[in-house]
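J.:
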Amino acid sequence: MRRVSNDYDADPGRWRSHDSGWLRADPFAPVAERITSLAARPVLDVGGGAGALGRALPEDWPVILVDNSPTQLRGAPAPKIRASAPALPVASSSVGAVAMLWLLYHLDDPEQAIAEARRALCDDGLFVAATASRTSDPELTDGYPPTTFDAEEAPRIVARVFDDVDVVSWDAPLTVLPDRAAVLAFCRSHFLPPEAADRVTPPVTLTKRGCFVYARKRAR
Ligand SMILES: C[S@@+](CC[C@H](N)C(=O)[O-])C[C@H]1O[C@@H](n2cnc3c(N)ncnc32)[C@H](O)[C@@H]1O
74 MRRVSNDYDA DPGRWRSHDS GWLRADPFAP VAERITSLAA RPVLDVGGGA GALGRALPED
134 WPVILVDNSP TQLRGAPAPK IRASAPALPV ASSSVGAVAM LWLLYHLDDP EQAIAEARRA
194 LCDDGLFVAA TASRTSDPEL TDGYPPTTFD AEEAPRIVAR VFDDVDVVSW DAPLTVLPDR
254 AAVLAFCRSH FLPPEAADRV TPPVTLTKRG CFVYARKRAR
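For the sequence shown, this note's numbering gives the first residue as 74, with consecutive numbering after it.
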């Protein structure tokens with residue numbers, strides 16, 4: 074399994090070529106709902122990027138964003154900390170939730186970062202990861218290469234660290250690309266070759282597949 078390239082500083086245009094306006098639903102809303110329903114606070118949003126999870130939460134919900142990319146942090150809301158997921162700069166048992174959304178496939182050893190999330194969580198605290206499936210976007214690709222943390226493996230990897238794991242999968246037409254420019258931009262954002270755009274006639278709706286993996290820190 075290979076980790077997905079971590080190119081946020083070397084090629085910021087790749088990540089920015091993805092437009093959230095293409096999405097039919099806010100993928101952060103269900104995570105925010107789970108966090109608020111459990112009153113899990115503060116939230117450590119690790120690999121938080123531009124802070125989309127914080128925007129889905131109520132305005133006064135305490136969120137600390139952690140990311141290791143100076144480029145990403147420049148556009149992120151405060152409070153924010155530059156740090157790497159396997160070494161979180163917070164005390165043990167100090168936070169109510171740790172989110173690692175579309176992050177762990179960038180790591181060679183996601184389990185190490187998940188264990189670090191567990192360390193940071195208080196008892197009954199909430200862990201949540203999100204990731205895509207190898208079979209997402211079948212309209213554009215016959216399959217993404219396996220990664221260190223794709224939906225096919227993610228639940229098993231989280232279960233090595235947490236006992237109480239709850240998986241919520243999606244398999245639905247969730248992304249609409251209005252024209253060829255959008256299809257090309259989507260391909261770039263997902264490391265697909267530009268020729269993949271020739272497989273579809275826009276407007277095109279993509280079938281998104283992936284999962285959230287929720288877990289609670291119970292005493293072991
Ligand atoms: C695909 S983006 C997801 C951003 C955000 N979670 C979201 O869903 O919009 C992955 C983010 O993880 C960050 N990242 C990658 N490796 C990291 C690491 N080892 N520690 C902390 N952040 C990391 C990147 O800089 C980037 O902001």
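Glycine included, each C-beta is placed from N, C-alpha and C at the ideal position. Remember, it's a predicted structure, so these values are computed and weren't measured experimentally.
#1: Do L247 and L96 have their CB atoms nearer than 8 Å?
#2: Answer yes if the region 81-94 comes into contact with the region 250-267, meaning at least three C-beta pairs across the two stretches below 8 Å, and no otherwise.
#3: Could you have a look at P159 and say whether DSSP puts it in helix, strand or coil?
#4: Would you be able to state if there are at least three C-beta pairs under 8 Å between the region 222-230 and the region 200-208?
#5: Please specify which runs of the beta strand (DSSP E), each continuous and at least 3 residues long, are wholly inside the region 162-211, giving them in chain order.
#6: Is it buried or exposed, D140, if we count other Cβ atoms within 10 angstroms and call 16 or more buried?
#7: Can you tell me the Cα-Cα spacing of A158 and R75, whole angstroms?
#8: Less than 8 Å between C-beta atoms, sequence neighbours within five positions excluded: which residues of the same chain meet that for V238?
#9: Counting pairs of Cβ atoms below 8 Å between the region 183-191 and the region 146-163, do you hit three or more?
#10: Expressed to the nearest angstrom, what Euclidean distance is found between the alpha-carbon atoms of E106 and L194?
#11: Using 8 Å as the threshold, is the region 134-154 in touch with the region 118-125, meaning 3 or more CB pairs across them?
#12: Within the region 213-254, note down every full alpha helix (DSSP H) run reaching 4 residues or more, in order along the chain.
#13: Tell me whether G283 sits in a helix, a strand or coil according to DSSP, three-state version.
#14: Can you determine whether any heavy atom of ligand 1 sits closer than 7 Å to the C-beta of A125, and answer yes or no?
#15: Where do the N-terminal and C-terminal ends of the alpha helix (DSSP H) with L130 fall, by residue?
#16: Once you ignore the five residues that flank A314 on each side, which residues in its own chain have a CB closer than 8 Å to its CB?
#17: Reducing DSSP to helix, strand and coil, say where D118 ends up.
#18: In chain order, what residues of the same chain lie with their CB nearer than 6 Å to the CB of A258, ignoring the 5 residues before and after it?
#19: Rounded C-beta distance between G127 and L138? I'm assuming under 8 Å.
#20: Helix, strand or coil: how does DSSP classify V104 here?
#21: Label G86 either buried or exposed according to how many other C-beta atoms from any shown protein chain fall within 10 Å of its C-beta, with 16 as the threshold for buried.
#22: Can you check whether the CB of A83 is closer than 8 Å to the CB of F101?
#23: Can we count S142 as close to ligand 1, meaning its CB is less than 7 Å from some heavy atom?
T.: So, from the listed chains and residues:
#1: A contact, by the Cβ cut-off of 8 Å.
#2: Result yes; three or more Cβ-Cβ pairs closer than 8 Å.
#3: In the structure shown, P159 sits in coil (DSSP, three-state: anything other than H, G, I, E or B).
#4: Touching, per the Cβ criterion.
#5: As far as the region 162-211 is concerned, its whole beta strand (DSSP E) runs of at least 3 residues are 168-174 and 194-205.
#6: Buried, by the Cβ-count rule.
#7: Distance between the alpha carbons of A158 and R75: 18 Å.
#8: P228, V231, A232, V286, Y287 and A288, listed in sequence order.
#9: With a cut-off of 8 Å, the region 146-163 and the region 183-191 count as touching, because enough Cβ pairs lie within range.
#10: Rounded to the nearest angstrom, the gap between the Cα atoms of E106 and L194 is 19 Å.
#11: Enough Cβ pairs lie closer than 8 Å, so yes.
#12: Those alpha helix (DSSP H) runs which fall completely within the region 213-254 and span 4+ residues are 227-232.
#13: Note: G283 maps to strand in three-state DSSP.
#14: Yes, Cβ of A125 sits closer than 7 Å to a heavy atom of ligand 1.
#15: It is not in any alpha helix (DSSP H) - L130 carries neither H nor E in the DSSP assignment.
#16: Missing from the structure shown is residue 314; the chain here goes from 74 to 293 and no further.
#17: Looking at D118 - three-state DSSP - the assignment turns out to be strand.
#18: Beyond the five residues adjoining it in sequence on each side, A258 comes within less than 6 Å, by CB distance, of S90 in the same chain, given in chain order.
#19: The C-beta distance from G127 to L138 rounds to 7 Å, short enough to meet the 8 Å contact threshold.
#20: The three-state secondary structure of V104, taken from DSSP, is helix.
#21: Per the 10 Å Cβ criterion, exposed.
#22: Cβ distance not < 8 Å, so F101 and A83 don't count as in contact.
#23: Because some heavy atom of ligand 1 lies under 7 Å away, the Cβ of S142 counts as near it: yes.
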